[in-house]
Each structure stands twice: as structure tokens, then as C-alpha cells.
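**Student:** Encoded as C-alpha cells, here's the structure I'll be asking about.
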Amino acid sequence: MTPGKVTVHTRINGEEVTFLCEPRQSLLEVLRMELGFTGAKECCNNGNCGACSVLLDGVLVNSCLVLAVEAEGKSILTVEGIAPAEGLHLLQQKFLEHAALQCGICTPGFIVSAYALLQRNPRPSEQEVRRWMAGNLCRCTGYDKIIAAVLDAAACLREKASGEVRVP
Amino acid sequence: MATVWVPALLRDLTGGIERAQVAGATVREVIDSLEAQFPGVRARLCEGDSLRPGVAVVVDGAVSRQRLRQKVKEDSEVHFIPAITGGAG
Amino acid sequence: MNEKETYRVIGTRPLRPDGADKVTGRALYGADLRLPGMLYGAVLRSPHAHARILSIDTSAAEALPGVKAVVTAADLPDVEAKVASLGEGSVNTRYQSWNILAREKALYYGHAVAVVAAASVHIAQEAVKLIRVNYEVLPPVLDVLQAMQADAPILLRDLRTDELGEKGSALTNVAAHHQTKKGDVERGFQEAAVTVEREFHTATVHQGYIEPQNATALYNQDGRITIWCSTQGSFGVRDQLKDILDVPVAQIKVVPMEIGGGFGGKNNVYLEPLAALLSKKSGHKPVRLTMNHADVLSATGPTSGSVIRVKMGARKDGRITAAQAWLAYEAGAFPGSPVTSGMGVIFGPYAIENVLLDGYDVVVNKPPAAAYRAPGGTNAAFAAEVVIDELAEKLGMDPLDLRLLNAAKEGDRKADGVAYGRIGCVEVLEAARNHPHYRAPLPGKFRGRGVAAGSWGNYGGKSSASASVNSDGSVNLVEGSVDIGGSRASISMQLAETLQIPVESIRPQVADTDTVGYTEGTYGSRTTFATGWAVYELGRRLIGLLCERAAQLWDVEPGQVTYEGGVFSCGGQRLSFAELAGKMDETGGAVVASVSVQPETWGPAFAAHIVDVEVDPETGKVDILRYTAVQDVGKAVHPAYVEGQIQGGVAQGVGWGLSEGYYYDAQGRLANASLLDYRMPTSLDLPAIETVIVEVPNPGHPYGVRGVGEVPIVPPPAAIANAIYRAVGVRLTTLPMSPARVLEALGKA
Chain X
0 MTPGKVTVHT RINGEEVTFL CEPRQSLLEV LRMELGFTGA KECCNNGNCG
50 ACSVLLDGVL VNSCLVLAVE AEGKSILTVE GIAPAEGLHL LQQKFLEHAA
100 LQCGICTPGF IVSAYALLQR NPRPSEQEVR RWMAGNLCRC TGYDKIIAAV
150 LDAAACLREK ASGEVRVP
Chain E
0 MATVWVPALL RDLTGGIERA QVAGATVREV IDSLEAQFPG VRARLCEGDS
50 LRPGVAVVVD GAVSRQRLRQ KVKEDSEVHF IPAITGGAG
Chain P
0 MNEKETYRVI GTRPLRPDGA DKVTGRALYG ADLRLPGMLY GAVLRSPHAH
50 ARILSIDTSA AEALPGVKAV VTAADLPDVE AKVASLGEGS VNTRYQSWNI
100 LAREKALYYG HAVAVVAAAS VHIAQEAVKL IRVNYEVLPP VLDVLQAMQA
150 DAPILLRDLR TDELGEKGSA LTNVAAHHQT KKGDVERGFQ EAAVTVEREF
200 HTATVHQGYI EPQNATALYN QDGRITIWCS TQGSFGVRDQ LKDILDVPVA
250 QIKVVPMEIG GGFGGKNNVY LEPLAALLSK KSGHKPVRLT MNHADVLSAT
300 GPTSGSVIRV KMGARKDGRI TAAQAWLAYE AGAFPGSPVT SGMGVIFGPY
350 AIENVLLDGY DVVVNKPPAA AYRAPGGTNA AFAAEVVIDE LAEKLGMDPL
400 DLRLLNAAKE GDRKADGVAY GRIGCVEVLE AARNHPHYRA PLPGKFRGRG
450 VAAGSWGNYG GKSSASASVN SDGSVNLVEG SVDIGGSRAS ISMQLAETLQ
500 IPVESIRPQV ADTDTVGYTE GTYGSRTTFA TGWAVYELGR RLIGLLCERA
550 AQLWDVEPGQ VTYEGGVFSC GGQRLSFAEL AGKMDETGGA VVASVSVQPE
600 TWGPAFAAHI VDVEVDPETG KVDILRYTAV QDVGKAVHPA YVEGQIQGGV
650 AQGVGWGLSE GYYYDAQGRL ANASLLDYRM PTSLDLPAIE TVIVEVPNPG
700 HPYGVRGVGE VPIVPPPAAI ANAIYRAVGV RLTTLPMSPA RVLEALGKA
């Protein structure tokens, strides 16, 4: 073991991952710099923008505000783990269909955040989506198309899950 | 003859006139004609042998990239306007 | 030049070609790149807004284990004053060099003073703290009016006011005075039945891109420099580096990574020269520098705070007889505010006989202004459009009717005397007036509806592209325009339209400066217009080449081959695009083409916005209830991304209007240098933003395209101010219209 470094055992996107890190390193830094999960973006690095959103044991967190050592024994879901084995997740597909991204830097954070929302609430109202997403900043889109994409994805996911018929 | 709209800050050199009819087949010749009529104009518009970097020349509504070499027709309109800036330190 | 036929691809909404990479996290942005042996840097920034640098001692930092190089201004060539063309902005290279690293003086809070490369970012950050700088602190100048006073502290040792080639005699902070004059405003005001005159103040605001600046450099042993960075224009980066580092252009290769927003703020270089120097000094190791948002806000281009005085007069029938404006824009630490652009925008939508504009470019102890979406336009339109609203009120006219009565049409002359070509100002205002939103009832107390118009000149510029046809009929497209908001799609669509093949057959790639011809940055609303034009020419060239191949196969003259509906034909012979592509091997090998264009016939854009607000009289908070943005886009190539540009511009304009602004303390330290305190709109702050696309084709483009991206940020603050007036009866003349300002206006502060 490297002096001053700590061994951390996690599951990342379903795979067991053990890594060494310094106690001062954030989860974001380790994900990006040590493990190559660069889908989580380092932008504000102080919890204001949401571009580094990941799920930690199912809970949405800004990974820049979590120390890597805090992930010991926990499971992590990053944007790289959202898509199924084949094709894209419906959220990802709907983001593309609705042109819900321009530059795309905030997109991984929004998709992880939306994924977390739909896990908790499969039938969110527009206002609920806007409130949930308020921790993710987008400067390009004015949010309009993001909100539409999430609502559309939610409806399609419900339809898929239950055979629910959508009212056009 | 082409019609030149005299930039506001040069109208002290043209006795206040806003437009001048001048001869010239290129912007360079137009400036030469202006200079002959209103001495001092060239030094304000040009730096050495080119148009000042902050000045754009518009001929018949289009900002010219040929600048001094831009062809001017008999009935052309020529404007000298500040080059558009976005702000760049 | 417009093709009257129905478009097959243009106007549809295909998925963007880079979509899968962007939604899976696979797309590589600058900070995602890792190179073997890479070092990481940190920047020491001035804690003072205005200070002379007496000495810098880097010895302790250099001695820290893990530190590989330390760079200060002494390592930069002392470049001579030289203005390099940067398209939308012009840059004085010497000032830019001074901005990269403070040389004699630190001129704003956050001004870079020294930079360290080390084995880890943590070591670099520790090393920065060990650098000792001896400052002589000077009084800061933070306000444009204060800076213009004769006794104000002087920022730059050589600055004299330029008035179109004539330099003033005294040292000053006023870098330039510009004037535009048409007709006789005095006479015009005498003819007016009503006049309105007001003074407006707007705050310094930031582009607010989510991805901070980053740059990675490798200064190779052979003198070749490779830069990977987040930029709107890779060739612009190369040009600036050539000047700042004083190296030949052939030695520099710039690789544009995916870019996380720019809005004008990622044209100028900040970190790139530093990363290059650190790489050289550290034994040719690759070096990465990244900013955080404190750095971004305190040290990269905001756009100008401003003071604008507007006076307008109109006859009883609503005809505007005269308009006068005095505009003073903060340039930041070095000359170059967008005041001339503001002068172009301020009365842009109107045909007015008598106009007088005076604009001042003024240096203050703030970061140098960079371009920001329709630079200078929002400030200017805020002033003019509030005054027009008040004119309408005094005349008892509908505010859109007043605007329509005075709206600029083809042939009308702008303030600078240049005549408009075919524009869509009237069509936009009519569409706004006829929109259900404008006629919908707005019941409820403290609610009001406001409107405002806006214009933006747009731009053309240099674009290059090349393409090769594949044997299956697909086409590889290489372009130099950085894709900041879906331009791979809008460019591919124009090539597909020209080639009459499906857009999915186009494989676009954004290339580095060694790979594609010179292409200006993605700015000035130029990419879909100019690079779109380039691929139109490219497509025609490919068709010409393929006609030659078909002629060869059919043993006819190339001129006898026609291409229609995706099929080459001559007499009874027919081959589809893909079929002919499959026969390249037997007709001479690969079919490739490359083109370069520099079109001058971009068409101006016009917008009209309608907004409903509700003002909370207890807190002063303004809520946006409904928003409709109408805009002439020429021709919407990909309507979804056009809508997105409009919505994004509105969102930024709402932030500028209501919540964004720099707060400096008396010493000139930026007090809100974080995204929590620099308050940009969240999804909860905005309603759905309805867009109305008006299409008045630009006769100066093969597909009628006009620039789209900039004008939507122009009207929002004015429209909101006018809505607030209708809601609670007070005119807000200072941005942002924060709850505190609204309360103050209501007499409740």
C-alpha cells in the first residue's frame, strides 16, 4: 500500500472496483483522474452546477463534494452506467430527440439527475421536474427542451413498464 | 461619382458635410479624392498604407475584406464605420 | 440565389451526429484528456484590483518537491503593440500579453501573476501559496463614470483617447470616443410632440459557460507546440499564440476539444500560452491547466457594465423624429469594449431620420471584456426599448404599434448611413402583435406584460471544409467550425441538401488547425451561415466531379450529365449517388474536394419578445409567468436547434435582467465569484419559453440562412423592465432588476 493512500472498495456501474486514493481527493477527482470515468464533469468543483452528479447507493450527489474515501463499501452509478447493454437509455434517447443539449457539458449531470428523479417519482409534473433539476445548471438551452425530454422519457418509461397508453 | 458618407468625427474636416461625391475606382482612390478636397482625411482613416485596424469600409452595403483595394462603382455608396468589436482585451 | 424548391433535409429535425457521445459521457472535453507524463498547473492570481508589482520571489515554490516549472511575465516575450484581427474582436497583442500574466501592474482582482506546473494539481496549488509577491497597492477604479473623470487614477501608462485616428494629448482611461451622426437631432427634437430622456446603468455580467477554461500543451523538443483546449476558434487560438509567444504559425497546432459553452467568452486565450511555456520549461512534458469558476468569473471575459443616456422624440402620430444616445462601456483593464456594437444595436430596428450617438470605451480595474452573445447589444437595447415604451405610453399608443410604425425596412438607412437590405423587422413585429400571447388577458394584481425589440448585425467570415466520398455513398466531411450547439447537424444538413442525399450519410468531423483550412471561430452567429455556405460550395464541387465520373462511364461529355433528386442521368442512363460512388475505383479513384469561402452578405437578425411578469410587492421578486420570443431566422436549417438558440438567449437575457451582476467591494475584490452567488437562472426560475420562427430568407445565402444565436439575448431585460412597469408602475433603469432594486423603486427599501 502506498504510504498516505487509502484503499477504497466500491461497486461502480455494477463492477467491483478497488482503488487507492489520498484522503484529500474528491470522489470526482478519483473517478475522472484515476479511474477514467470522465463522463462526470469537473466544472464548478464546489457543488453549485451539478455537472459531476452521480448516484451513491442510489442517492444523487455532487461527486465534487464527496471525498473518495467516503465511497468505501458503496455502489456508484455514473453516466457511463446509465445505458443498457444495447442502445441508449430512454432518457438519453429523448435528450437527443428533443435537442435537449447544445454544448453537452451539463448533459451527463442532467441525465444522472433525471434518472434519480424517475427512480423516485416515475410520474413527475413539469414543476416537479423543474424543482428537482434546479441543482443542475445549463447555460445553453434555457431548460425548456430538457424539461420536455425528461417528461417525455418518463411517459415512455411508464408506458414500457405497464403497457400504459399515452395520450398524445 | 461615388457617394461617400463622411464619418461624424471627420466632419470637422469637411465643413460639416455628411456626404461627398468623389471620383475613384477603388477605396484607395476614393480616399485620395477625399484628401484632395478635404486635407487631413487620409491621415485619420489610414495608418501607413492601409486602413486603420479599427475602421471598416462598407461599399454598397457590404463590409469589404479587400479594404483599400475594394472596387468602387460610379454609383457606389461608401461608408467608413467602426469595426465591430465583441470586446477583447 | 434562394432555391425555390422544397427542401428535403433543411427544416427537418434529425438527431445530432455527435449525440450518442454527448449523452453517454463519452465525448471528450478538454479536461477529459490525459497524456502520458502529464503535469498539472495552478495559477497565482492578484488579490488586488490595482497594484504595482515590485518583485516576485518564486524560489520557495521552485524548491517544493514535485514542482517542475514556474513561469512569470519575465518568461513571456515583450511583444510590441500590434493589433491582430480576431474577427468579432480586435486584440492588441501587447495588452493581451499583459493580461496573460501581469507584467508591471496587476490591473484587476484575479489577474494572473505566476503559474506553476507540478506532478499533481495539489502540489501545484501548494506551490502557488509559496510564491511571494511584493505589491504597491494603488487605488482601484471600478466605475465607468469615475474612470472618465480627469482626476481618476490612471490604469495604463500610454493610453490616450482615440477619436478616429486623432489621439488626445492627456493620459486617460477613455480609450476611444466613437460618434455616429445622421441628420440633425436638434431639429428632430424640435419637431417632436413628446420626448423622453433617461439614464440607464447595467452591471458587469459573465457569459456563464458551465465548462471552465482549460488548456493542455505539449512544447515538443523540435519546437512544435500542440494545444488541446476549449475554444470557439482553433485558428484564433493559433493566431494569438503566434503573437503572444512570438513563434511562427507553422510551429503551432491547435486541437479543439469538445467545448462546454462559450457565448463569446472562449475566443480569447488565457491558459494556452501559460501551458505552452510551462511545458517548455518543465522539460517538454505535457501540461494541463484548468480554471475553476472563481477564476472564470474573476479573470475571464465578462461583458461591459455600462452607463447609457437615451433621448428620443416623436410626433403625435408616433413617428420618431430624433434619437440620441450617449454610451459609456467598461472595457475592463484593457481597451476593447463592445461599445461600437452597442451603437449599432441601439436604434437598430427603427428608421429614424435624425440620430446622434456618442460611444466611449473606458478602462476600469475589472477583467478585460470579452465577447458575449450580441456583444454590447443587450445594454443598448435595454436603454432604447424602455424609452420607446415610455414614448408609447405618453402618446397613448400600443407599444408594438409604435414600433411597427417606425420599423426599419429594406432601403432604410441605419444611424451610420448604411442602407438595410431585405430584413424581417416588420414581419417579426407583426408576428408578435398577432400572437395569441399578446392578446391574452393577464388577470391578477401586480402582473404586467412588456414587449421589446432587438436587432443584431450578424457576421460572415472565413470558413473552409473538405470532403471525401465513400464507396457506399456516404460522405466524410471535415470542417473547422467548433460545434458549440449542434452545428455538426446544421452543417451536415446543408451538405446533405446540396448533395440530395440523406443527412445520415454525412459523417462530420471537426478538425484541428493542421487538418482543415482556415476557419474563423464559432462566433458572430456565423457558423451555420458561413460554414454552411462552404459545404454548399463543397457539395456542388462533389456533384461536378461525380458528373465527370458518370460521363466517363457513359462515354458522354460531363455537361450532358444531370443530377436531380439524388440521381445522375444522361439519356436513359441512371445512377444514384450511392451507385456512382460504388464505381469510383473504375473511374479514377477517390472523389475529394475542398473549399474555402468568405461571404460578405450576411443578413441582420431581428427579434421581438413578449413577457408577462408578476412582482411580489413585499419582497421585490419578479417572476416570469410567460415568455414568447419571435425572431426572423432567414431559414431554420434545424428548427429544434434554432428554437434552442432562441430559448438559451432568452434565458441568459432573463439572468442579465433580473439576477446577474458582479459585486465588487470598495477595494475592488469580486465578492460573488461563485456560481452560487453569481446567480444564473435555474430551471425553477424560468417558464417554458415559446418561440416563433419567422422566415424571411436572406437573399445573400444559398439557403436563405441568417445568423440566429445572438439577437435573442438583446430584448429580454428591456421587455422585463417594461412588464414590471405595467405591473407595478415603476420604471427600472438599473440592471439587474434584483428584488432590492425593485423594492427601492417601489419606495420600500
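Protein chains in written order, with numbering that gives the first Met the number 0: chain X, 0 to 167; chain E, 0 to 88; chain P, 0 to 748. Just so it is clear, CB atoms sit at the ideal spot from N, CA and C, and this is done for glycine as well. The model shown is predicted, which means the values in this text are computed figures rather than measured ones.
1) Below 8 Å between beta carbons: does that hold for P:Leu-244 and P:Ala-214?
2) Between E:Val-56 and chain P, is the shortest Cβ-Cβ distance under 8 Å, so that the two count as touching?
3) Quick check on the DSSP output: the beta strand (DSSP E) that includes P:Ile-692 runs from which residue to which?
4) P:Ala-116 and P:Ser-229 - do their beta-carbons sit closer together than 8 Å?
5) Which runs of the beta strand (DSSP E) at least 3 residues long sit entirely within the region 41-85 of chain X? Give them in chain order.
6) For the beta strand (DSSP E) that contains P:Lys-180, what are its first and last residues?
7) Quick check: what's the CA-CA separation for P:Ala-383 versus P:Lys-315?
8) Between which two residues does the beta strand (DSSP E) carrying P:Tyr-39 extend?
9) Inspect the beta-carbon positions of P:Tyr-6 and X:Arg-138 and report whether they are closer than 8 Å.
10) Using a beta-carbon distance cut-off of less than 8 Å, what residues from the region 57-77 of chain E approach chain P?
11) For chain P, is any of its Cβ atoms less than 8 Å away from the one on X:Asn-45?
12) Identify whether P:Lys-280 lies in helix, strand or coil by the three-state DSSP scheme.
13) Report the three-state DSSP secondary structure of E:Val-71 (helix, strand or coil).
14) Please identify, using Cβ separations under 7 Å, the residues of the region 480-492 of chain P that lie next to chain X, in order along the chain.
15) Assuming X:Ser-161 and X:Gly-108 form a contact by the criterion Cβ under 8 Å, report the distance between their Cβ atoms to the nearest whole angstrom.
16) According to DSSP, simplified to helix, strand and coil, what is P:Ser-168?
17) Between the Cα of P:Ala-379 and those of P:Ser-489, P:Ala-452, P:Asn-353, spot the shortest distance and give me the residue it belongs to.
18) Return the residues of the region 112-128 of chain P that lie within a Cβ-Cβ distance of less than 8 Å from chain X, sorted by chain order.
19) Put P:Phe-199 into one of helix, strand or coil per three-state DSSP.
20) Report the residue ranges of all alpha helix (DSSP H) runs contained in full by the region 255-307 of chain P; include only those spanning at least 4 residues, in chain order.
21) Would you list, in sequence order, the uninterrupted alpha helix (DSSP H) runs of no fewer than 4 residues that lie entirely inside the region 636-673 of chain P?
22) Give the interface partners of X:Thr-140 over in chain P, defined as CB-CB distance under 7 Å, in chain order.
23) Quick one: measure Cβ to Cβ for P:Pro-139 and P:His-205, integer angstroms, because I've assumed they're closer than 8 Å.
24) So P:Val-653 packs on P:Ile-719, CB below 8 Å; how close in whole Å?
25) Is P:Gln-630 helix, strand or coil by DSSP?
26) What in chain P is Cβ-close to X:Leu-136, meaning under 7 Å?
27) Output needed for P:Leu-749: all residues of its chain with C-beta closer than 8 Å, excluding positions within five of it in sequence on either side, in chain order.
28) Spell out the partners DSSP gives P:Ala-313 in its beta bridges.
29) Between which two residues does the alpha helix (DSSP H) carrying X:Pro-107 extend?
30) Mind checking if E:Ile-80 is an interface residue toward chain P, Cβ cutoff 8 Å exclusive?
31) Find the residues of chain P that neighbour X:Asp-143, judging by a C-beta separation of less than 7 Å, and give them in chain order.
32) Regarding X:Gln-101 and the ligand SAM, is the C-beta to nearest heavy atom distance less than 7 Å?
33) Using the beta-carbon count (16 or more within 10 Å), is P:Ser-84 buried or exposed?
34) Compare the C-alpha of P:Val-253 against each of P:Thr-512, P:Gly-570, P:Asn-219 and name the closest.
35) Alpha carbon to alpha carbon, how far is P:Ser-96 from P:Leu-106? Give it in angstroms, no decimals.
36) Restricting to runs no shorter than 3 residues, where is the beta strand (DSSP E) found entirely within the region 499-559 of chain P?
**Tutor:** On the basis of the supplied data:
1) no
2) Not an interface residue.
3) 688-693
4) The Cβ atoms of P:Ser-229 and P:Ala-116 lie no closer than 8 Å to each other.
5) 52-55, 58-61, 74-76
6) For P:Lys-180, the uninterrupted beta strand (DSSP E) run begins and ends at 173-181, by DSSP.
7) Taking the straight line joining both Cα atoms gives about 19 Å.
8) 38-44
9) No, the pair does not count as a contact, with Cβ atoms beyond the cut-off.
10) Val-57, Gly-60, Ala-61, Val-62, Ser-63, Arg-64, Glu-76
11) With its beta carbon less than 8 Å from one in chain P, X:Asn-45 belongs to the interface.
12) helix
13) coil
14) Taking 7 Å as the Cβ-Cβ cut-off against chain X, the residues of the region 480-492 of chain P that qualify are Ile-483, Gly-484, Gly-485.
15) 29 Å between Cβ atoms; not a contact.
16) coil
17) P:Ala-452
18) His-121
19) Correct three-state label for P:Phe-199: strand.
20) Taken in chain order, the whole alpha helix (DSSP H) runs of length 4 or more contained in the region 255-307 of chain P are 271-280, 292-298.
21) 638-657
22) Gly-643, Gln-646, Gly-647
23) P:Pro-139 to P:His-205, Cβ: 19 Å. No contact.
24) 7 Å
25) strand
26) Within chain P, the residues near X:Leu-136 are Ile-209, Leu-674, Met-679, Thr-681.
27) No answer is possible for residue 749 of chain P: it lies beyond the span of chain P, which begins at 0 and ends at 748.
28) According to DSSP, P:Ala-313 bridges with P:Val-193, P:Ile-319.
29) 106-119
30) yes
31) Gln-646, Ala-687, Ile-688
32) This structure does not include the ligand SAM; it has no bound ligands of any sort.
33) Any reading at P:Ser-84 must be qualified, since the residue scores a pLDDT of 48, below 50, and its modelled position is unreliable; no value is offered.
34) P:Thr-512
35) Their Cα atoms are separated by approximately 13 Å.
36) 505-509
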